[in-house]
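Report on one structure; see the data block that follows.
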Amino acid sequence: MNQEKIVTRFPPSPTGYLHIGGARTALFNWLFTRQKGGKFVLRIEDTDKARSSDETTKAIIESMEWLGLDWDEGPYFQSQRYDIHNVFIERLLSTGQAYHCHCSPDELERGRKAAMAKGLKPKYDGKCRDLGLGPAPGSVVRLKTPKTGITQFNDLVKGRIRFDNEELDDLILRRSDGSPTYHMAVVADDISLGITYVIRGDDHVNNTPRQILIYKALGEPIPQYAHVPMILAPDKTRLSKRHGAVSVLAYRDMGYLPHALLNSLARLGWSYGDQEKFTKEELIEKFSLKNVGKSAGVFNADKLLDLNAWYIRNSSDEFLARELIPFLQQFGLKGLEQQKIKEAVATLKPRSKTLLDMAEGALFYFQEEITYDKKADDKFLKSDILGLLEDIRDRLEKASEFNQAALEKIFVAFLEDNEIKLKKVAQPLRVALTGKTASPGIFEVMEILGRKKVVERLAKVITHIRSKA
RNA sequence: GUCCCCAUCGUCUAGUCCGGUCCAGGACACUGGCCUUUCACGCCGGCAACACCGGUUCGAAUCCGGUUGGGGACGCCA
Numbered sequence: 035m036n037q038e039k040i041v042t043r044f045p046p047s048p049t050g051y052l053h054i055g056g057a058r059t060a061l062f063n064w065l066f067t068r069q070k071g072g073k074f075v076l077r078i079e080d081t082d083k084a085r086s087s088d089e090t091t092k093a094i095i096e097s098m099e100w101l102g103l104d105w106d107e108g109p110y111f112q113s114q115r116y117d118i119h120n121v122f123i124e125r126l127l128s129t130g131q132a133y134h135c136h137c138s139p140d141e142l143e144r145g146r147k148a149a150m151a152k153g154l155k156p157k158y159d160g161k162c163r164d165l166g167l168g169p170a171p172g173s174v175v176r177l178k179t180p181k182t183g184i185t186q187f188n189d190l191v192k193g194r195i196r197f198d199n200e201e202l203d204d205l206i207l208r209r210s211d212g213s214p215t216y217h218m219a220v221v222a223d224d225i226s227l228g229i230t231y232v233i234r235g236d237d238h239v240n241n242t243p244r245q246i247l248i249y250k251a252l253g254e255p256i257p258q259y260a261h262v263p264m265i266l267a268p269d270k271t272r273l274s275k276r277h278g279a280v281s282v283l284a285y286r287d288m289g290y291l292p293h294a295l296l297n298s299l300a301r302l303g304w305s306y307g308d309q310e311k312f313t314k315e316e317l318i319e320k321f322s323l324k325n326v327g328k329s330a331g332v333f334n335a336d337k338l339l340d341l342n343a344w345y346i347r348n349s350s351d352e353f354l355a356r357e358l359i360p361f362l363q364q365f366g367l368k369g370l371e372q373q374k375i376k377e378a379v380a381t382l383k384p385r386s387k388t389l390l391d392m393a394e395g396a397l398f399y400f401q402e403e404i405t406y407d408k409k410a411d412d413k414f415l416k417s418d419i420l421g422l423l424e425d426i427r428d429r430l431e432k433a434s435e436f437n438q439a440a441l442e443k444i445f446v447a448f449l450e451d452n453e454i455k456l457k458k459v460a461q462p463l464r465v466a467l468t469g470k471t472a473s474p475g476i477f478e479v480m481e482i483l484g485r486k487k488v489v490e491r492l493a494k495v496i497t498h499i500r501s502k503a
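Given below as structure tokens:
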């Protein structure tokens, strides 16, 4: 009977690129909202001007777009909403729920240290709380937090969480420079944007009672909270740059498919029985906050890689060919034919874990000149197979057709005449054509390469072997 | 230090709410084999966990208490 429209938000602060932890929070918000037919709002929390930048804001938006996490409203910029925040602060002041505090930062710092030394929680002592002071240069506005009682909420993933109000102190709502603090800005924005569900990282659990107290002081309805566990690095500490690839865009550049990342992020902390792979539609349909686990999880890069390989294997040649182009260009390839790429992709699909892999593996198809792998050269390009290579070159030169079926027939005759097994020439041939010891099947390789290139490469390898002798 | 949260294979997890069907299932990784012109794909198999201690109970991964361990929060950062 809940007729109220669900409104969620994702509020990254543009002090860094969107990392996979943030992306997962965004994903959970998005899945929840799309399932319920709600509204998803993007809000950039750029109040820390010193650490925010346009560049990171762009990177965050680019990341969201790449992942396909679309929003219905925004992006709002918190720094442009100070007027709204101030209305709420004034309201609190006028109802006596907040007060001006004249304590200096030094004084507060001393108090915190003293409390820590005594083994207590560092809290503001409430010195100015009942002094009835007015605004003054350097003064701040604080919330009058209840000294007794408890503040609790029913977290949608963690269950009931409660705090004694005496653990909380009178938090600052407005800084001495007049700007609102994080807690105030978040609450003011969430109220004014009509946010009904706050789904965020569980590093915010401790912030929640403080924010609830602001809602209460304001007499505004409190949203539902869901705190999702954090993502940890393999060493079980908070994920950071020193753990390698953490930004969403880094995964894009390494050749991951957005859906593979999404799928992998969804399964980190959330599950649906034994199912591992989900389409976007299934994710939306099956996601639920109560199936989100309560404990932090380590990001499993191997599993993501495996998923990526699976999605590559199961994507259409058309799609992959399109996605592959930028990677091929990265290797300096130009004037690529869509059709050729498609053919190459088809042969590389089962052996590529990323698009970057695939591009690398496809180079020999497009390059004019290939180079031989040193080890492959030493091991397989020896003079004892010269005769066989010349023989097959002649036969291929004269072939009336140059497709797989025709090639296989030519080889059957070739092998019979020479009384050998394919094994004997397969590797030397592979090295001659691709430069490497591992590649797609030689018949498919030959067909895609075409007669001209195949014969050229055979001629080249023959001279090469001769020159070594 | 204080407060909050968490605890099943190396990792992600199912099972925990409503104790028995779980000497614990799946996935990744690792590993043995099959397939095979290479590398992969695929297929078959293996290794591997209920943190610990007490309690409740005929019976506990599942309920209760404690211990230990981990994470988070304690800013005029967000």
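So the first sequence is numbered by our numbering: it starts at 35 and just counts up by one.
Every residue gets a Cβ at the ideal spot worked out from N, C-alpha and C, and that includes glycine.
(1) In this structure, what does DSSP give as the bridge partners for LYS29?
(2) At a cut-off of 7 Å, would you count TYR259 as near the ligand FAD, judging by its Cβ distance to the nearest heavy atom?
(3) Using only the alpha-carbon positions, how far apart do LEU177 and GLN131 sit?
(4) Counting only runs of 4+ residues fully inside the region 386-473, write out the alpha helix (DSSP H) ranges in chain order.
(5) Less than 8 Å between the C-beta atoms of LEU273 and GLY55, yes or no?
(6) Compare the C-alpha of MET264 against each of HIS498, ARG194, LEU302, ALA393 and name the closest.
(7) Can you tell me whether PHE353 is buried or exposed? The criterion is at least 16 other CB atoms within 10 Å of its CB, across all chains shown.
(8) So, is VAL121 buried or exposed, given that buried needs 16 or more other C-beta atoms within 10 angstroms?
(9) What are the boundary residues of the beta strand (DSSP E) that includes PHE111?
(10) For MET35 and LEU65, I'd like the C-alpha separation in whole angstroms.
(11) Assign HIS498 to one of two classes, buried (16 or more other C-beta atoms within 10 Å of its C-beta) or exposed (fewer than that).
(12) PRO139: which of ILE195, VAL495, ARG209 sits nearest, CA to CA?
(13) State buried or exposed for SER128, treating a residue as buried only when at least 16 other CB atoms are found within 10 Å of its CB.
(14) If you reduce the DSSP assignment to three classes, tell me which class LEU296 lands in.
(15) Would you mind giving the Cβ-Cβ distance between GLY395 and LEU382, rounded to the nearest angstrom? I have them listed as a contact below 8 Å.
(16) Does DSSP put LEU103 in a helix, a strand or coil?
(17) Under the rule that 16 or more other beta-carbon atoms within 10 Å means buried, what is GLN245, buried or exposed?
(18) Please list, in chain order, all residues of the same chain as HIS136 whose beta carbon is under 7 Å from its beta carbon, the five residues on each side excluded.
(19) With distances taken Cα to Cα, identify the nearest neighbour of ARG356 among VAL221, PRO45, VAL379, ALA343.
(20) Does the structure place the region 310-327 close enough to the region 269-286 that three or more beta carbon pairs sit under 8 Å?
(21) The beta strand (DSSP E) with THR185 in it runs from where to where?
(22) For my contact list, ASP106 and PHE74 are in at a C-beta cut-off of 8 Å; report their separation, rounded to the angstrom.
(23) Quick one: what does DSSP say GLN373 is sitting in, helix, strand or coil?
(24) Count the other CB atoms within 10 Å of the CB of ASP164; is the residue buried (16 or more) or exposed (fewer)?
(25) So is ASN63 buried or exposed if we call it buried at 16+ other beta carbons inside 10 Å?
(26) Note the first and the last residue of the continuous alpha helix (DSSP H) segment covering TYR2.
(27) Run the CB neighbour count on SER47, radius 10 Å, all protein chains shown included, and call it buried at 16 or more, exposed below.
(28) Which word fits SER97, buried or exposed, when buried means at least 16 other C-beta atoms lie within 10 angstroms of its C-beta?
(29) Taking the alpha-carbon positions, what's the ARG485 to LYS337 distance?
(30) Measure how close the beta-carbons of ARG43 and LEU227 come, nearest whole angstrom, since I'm counting them as under 8 Å.
(31) Quick one: any contact between the region 392-408 and the region 432-448, if contact means 3 or more CB pairs under 8 Å?
(32) Quick one: what does DSSP say SER281 is sitting in, helix, strand or coil?
(33) For ARG163, which of helix, strand or coil comes out of DSSP?
(34) When the Cα atoms are used, what is the spatial distance from LEU456 to ALA393?
Short version:
(1) Absent from the model: residue 29. The displayed extent of the chain is 35 to 503, so no value can be given.
(2) No copy of the ligand FAD occurs in the structure displayed, which carries no ligand at all.
(3) Along the first sequence, one-based indexing puts residue 177 at 143. Along the first sequence, one-based indexing puts residue 131 at 97. So the alpha carbons of these two residues sit roughly 6 Å apart.
(4) Note on the region 386-473: whole alpha helix (DSSP H) runs with a minimum of 4 residues are 389-400, 408-414, 420-432, 438-452, 456-468, in chain order.
(5) In the first sequence, counting from the first residue as 1, residue 273 sits at position 239. In the first sequence, counting from the first residue as 1, residue 55 sits at position 21. Yes. Within cutoff.
(6) Along the first sequence, one-based indexing puts residue 264 at 230. Of the listed residues, the one whose Cα sits closest to MET264 is LEU302.
(7) What you label residue 353 is simply residue 319 of the first sequence in a count that begins at 1. With fewer than 16 other Cβ atoms inside 10 Å of its own Cβ, PHE353 counts as exposed.
(8) Taking the first residue of the first sequence as 1, we reach residue 121 at position 87. VAL121 should be labelled exposed.
(9) Counted from its first residue, the first sequence places residue 111 at position 77. Taken as a continuous stretch (DSSP letters only), the beta strand (DSSP E) holding PHE111 covers 107-111.
(10) Counting from 1 along the first sequence, the entry for residue 35 is found at position 1. Counting from 1 along the first sequence, the entry for residue 65 is found at position 31. Residue placement at MET35 is poorly supported in this model, since its pLDDT is 39, which falls under 50; the coordinates still yield a value, given next. Taking the straight line from one Cα to the other gives about 21 Å.
(11) By 1-based counting over the first sequence, the position of residue 498 is 464. Classification of HIS498: exposed, given that the 10 Å Cβ count is below 16.
(12) The residue given as residue 139 occupies position 105 in the first sequence. Measuring from the Cα of PRO139, the nearest candidate turns out to be ARG209.
(13) Numbered from 1 along the first sequence, position 94 holds the residue referred to as residue 128. By the neighbour-count definition (other C-beta atoms within 10 Å, threshold 16), SER128 is an exposed residue.
(14) Position 262 of the first sequence, counting from 1, holds the residue named residue 296. Residue state, collapsed to three classes: helix.
(15) Taking the first residue of the first sequence as 1, we reach residue 395 at position 361. Taking the first residue of the first sequence as 1, we reach residue 382 at position 348. With a Cβ gap of about 5 Å, GLY395 and LEU382 count as contacting.
(16) Start at 1 with the first residue of the first sequence, and residue 103 comes out as number 69. DSSP places LEU103 outside both helix and strand once states are collapsed to three, so it counts as coil.
(17) Walking along the first sequence from the start, residue 245 turns up at place 211. Counting every other CB atom within 10 Å of its CB across the protein chains shown gives GLN245 a total of 16 or more, marking it as buried.
(18) Counting from one through the first sequence, the residue named residue 136 turns up at place 102. Here the set comprises CYS162, LEU167, ALA170, SER173.
(19) For the purposes of this step, residue 356 is taken as residue 322 along the first sequence, with counting starting at 1. In terms of Cα proximity to ARG356, the closest of VAL221, PRO45, VAL379, ALA343 is VAL379.
(20) A contact is defined here as three or more CB-CB pairs under 8 Å, and the region 269-286 fails this definition with respect to the region 310-327.
(21) The residue labelled residue 185 in the question sits at position 151 within the first sequence. That run of the beta strand (DSSP E) goes 184-189.
(22) Your numbering for residue 106 matches position 72 in the first sequence. Your numbering for residue 74 matches position 40 in the first sequence. For a cut-off of 8 Å, the C-beta gap from ASP106 to PHE74 is around 5 Å, short enough to register as a contact.
(23) For the purposes of this step, residue 373 is taken as the residue at position 339 of the first sequence. For GLN373, the secondary structure class from DSSP, reduced to helix, strand or coil, is helix.
(24) Mapped onto the first sequence, residue 164 falls at position 130. Counting Cβ neighbours within 10 Å, ASP164 comes out exposed, since fewer than 16 surround it.
(25) Against the first sequence, residue 63 aligns to sequence position 29. Result: buried.
(26) Outside the modelled stretch of the chain, which goes from 35 to 503, sits residue 2, for which no answer is possible.
(27) Counted from its first residue, the first sequence places residue 47 at position 13. Around the beta carbon of SER47, 16 or more other beta carbons lie within 10 angstroms, which makes this residue buried.
(28) As a first step, residue 97 is located in the first sequence; it is residue number 63 there, counting from the start. Residue environment for SER97: buried (at least 16 other C-beta atoms within 10 angstroms of its C-beta).
(29) Counting from one through the first sequence, the residue named residue 485 turns up at place 451. Counting from one through the first sequence, the residue named residue 337 turns up at place 303. Using only the alpha carbons, I get a separation of about 40 Å.
(30) Start at 1 with the first residue of the first sequence, and residue 43 comes out as number 9. Start at 1 with the first residue of the first sequence, and residue 227 comes out as number 193. That belief holds up - the Cβ atoms of ARG43 and LEU227 are roughly 7 Å apart, short of 8 Å.
(31) Flag = no, the region 392-408 and the region 432-448 do not touch.
(32) Walking along the first sequence from the start, residue 281 turns up at place 247. Under the three-state reduction of DSSP, SER281 is assigned to strand.
(33) Indexing the first sequence from 1 puts residue 163 at position 129. Here ARG163 sits in coil by DSSP.
(34) Working through the first sequence from its first residue, we reach residue 456 at position 422. Working through the first sequence from its first residue, we reach residue 393 at position 359. About 28 Å.
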